[in-house]
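Below is one structure, written out as structure tokens; the observations come after it.
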Amino acid sequence: LNDQHSTFNGLLWRELRRFALTNLRDFGMGRKVCEDKIIEEAQCLCQVFNDFRGKVFDMTEPVNCAVSNIISSLVYGSRFEYNDPEFTTLVKFKVNILTVTWFSKKLRDTLNPQMPRGFVDAFMLRQKNVSGSEAPDSPYQEENLAAAVLQLFAAGTETMSATLRSALLLMVKYPHIQDQVREEIFRVIGTREVQTEDRKDLPFTDAVLHETQRITNIVPLSLPRQTSQDITFQKYFIKRGTTVWPLLTSVLYEESEWEKPHSFYPAHFLHKDGTFRKRDAFMPFSAGRRICLGEGLARMELFIFFVTLMQRFRFTAPPGVNVDELELMSHVGFTLNSVPHKLCAIPCA
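Going letter by letter, the sequence shown gives residues -7 to 341 in the working numbering.
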């Protein structure tokens, strides 16, 4: 998740970030209730994959829907069926401010102050209860709500979906690594439902997911900062009020930090004895005060979705396609979203 209040600064930013963190946690972010929702959604995604019965398919839309439903449960308090027209519009990013405002109005009409369903309800209740919420400088403006919802869906869907799809594509491209992942999963947890606490017992799987995030570099630029005072950094003078864009690529691909910076190499995150190795240069969620507020949720989602899919399927390239031909090409934009690929999900016996 990117920071959904990236365009706000100062007191406004602090107030909205505090409000978002508090309420998203209240509605389950990072807690057991959210873990249960992810586990349930992972099973729904598996059912969609299973319906293709090992035939070639494009995983983009079902993966987008699955990860969007997790954000939806926090924002609106409910999940959607993958074929719901309103939901597919949100998922495909055809939504705009007017659409979100219209959808929020539907929620406002059924708002129950005693039973807020999600982030949108909490925001609306704060609008009602805070004196001066209609003032121009109040953070609880309708346009701020619409912007927050839009960016929550964009950040929570695009980056998470791209990372999960890239992880599956890498398993197709490197089948020997997929074999190692599946061997570890079945040896440690078998076929039971995976839980977040299993991560510590799956060091190779954890290393594969970390290396996926590093090599795919989904968000090469962190969100902009603004200098609060004049500063000299590495002999460069930066004036107060200057917008600064941290380049995460420079850290994730730094040759002095990584043994094989331009290769998919899970051993980057493993000690010689096979235990997991933390790396200071691993910062796909950025750093500092504006570090992604949904880092914990994103890590939980990626781990549970990936392990569940590895338990249920073996992923292969379409017939006639050589795995050497599979490249992690990306659409150029603020995020490096991988070009859609078709693959086969072979159900496990």
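Backbone N, C-alpha and C define an ideal beta-carbon position, used for all residues, glycine too.
Quiz prompt | Whether I296 touches I30 by CB criterion (9 Å) | solution = yes
Exercise. Find out if the Cβ-Cβ distance for the pair E251, Y257 is shorter than 9 Å.
Key: yes
Quiz item: Using 8 Å as the Cβ pair cut-off and three pairs as the minimum, do the segment 70 to 83 and the segment 156 to 176 touch?
Solution: no
Self-check item: CB of K208 within 9 Å of CB of S158, strictly
Solution: Position check: residue 208 holds Thr in this sequence, whereas Lys was assumed. It is a contact, given that the beta carbons lie within the stated cut-off.
Quiz item: What runs of the alpha helix (DSSP H), each 4 residues or longer, lie entirely inside the segment 2 to 90?
Solution: 2 to 18, 24 to 42, 52 to 67 and 77 to 83
Quiz item: In chain order, what residues of the same chain have a beta carbon less than 7 Å from the beta carbon of E176, not counting five sequence neighbours either side?
Solution: L194, F196 and T197
Quiz item: Helix, strand or coil: which one does DSSP assign to K120?
Solution: helix
Quiz item: Per DSSP, what kind of secondary structure is P339 in: helix, strand or coil?
Solution: strand
Quiz item: From which residue to which residue does the alpha helix (DSSP H) around R157 run?
Solution: M152 to K165
Quiz item: Where does the unbroken beta strand (DSSP E) through I229 begin, and where does it stop?
Solution: Checking the sequence shown, residue 229 turns out to be Phe, not Ile. Where F229 is concerned, the enclosing beta strand (DSSP E) stretches over Y228 to I230.
Exercise. Assign L194 to one of three DSSP states: helix, strand, or coil.
Key: coil
Quiz item: Helix, strand or coil for L294 per DSSP?
Solution: helix
Quiz item: Helix, strand or coil: which one does DSSP assign to E134?
Solution: helix
Quiz item: What are the boundary residues of the beta strand (DSSP E) that includes T308?
Solution: F305 to T308
Quiz item: What is the DSSP secondary structure of F256, reduced to helix, strand or coil?
Solution: coil
Exercise. State the start and end residues of the unbroken beta strand (DSSP E) segment that holds T224.
Key: I223 to F225
Quiz prompt | Nearest-angstrom Cα separation, counted from A12 out to Q187 | solution = 26 Å
Quiz item: Quick one: what does DSSP say L301 is sitting in, helix, strand or coil?
Solution: helix
Practice problem: With DSSP collapsed to three states, give me the class of F348. | Solution: For the chain, the structure presents residues -7 to 341; residue 348 sits outside this window and is missing.
Exercise. Determine the extent of the alpha helix (DSSP H) in which T241 is found, giving its start and end residues.
Key: T241 to L244
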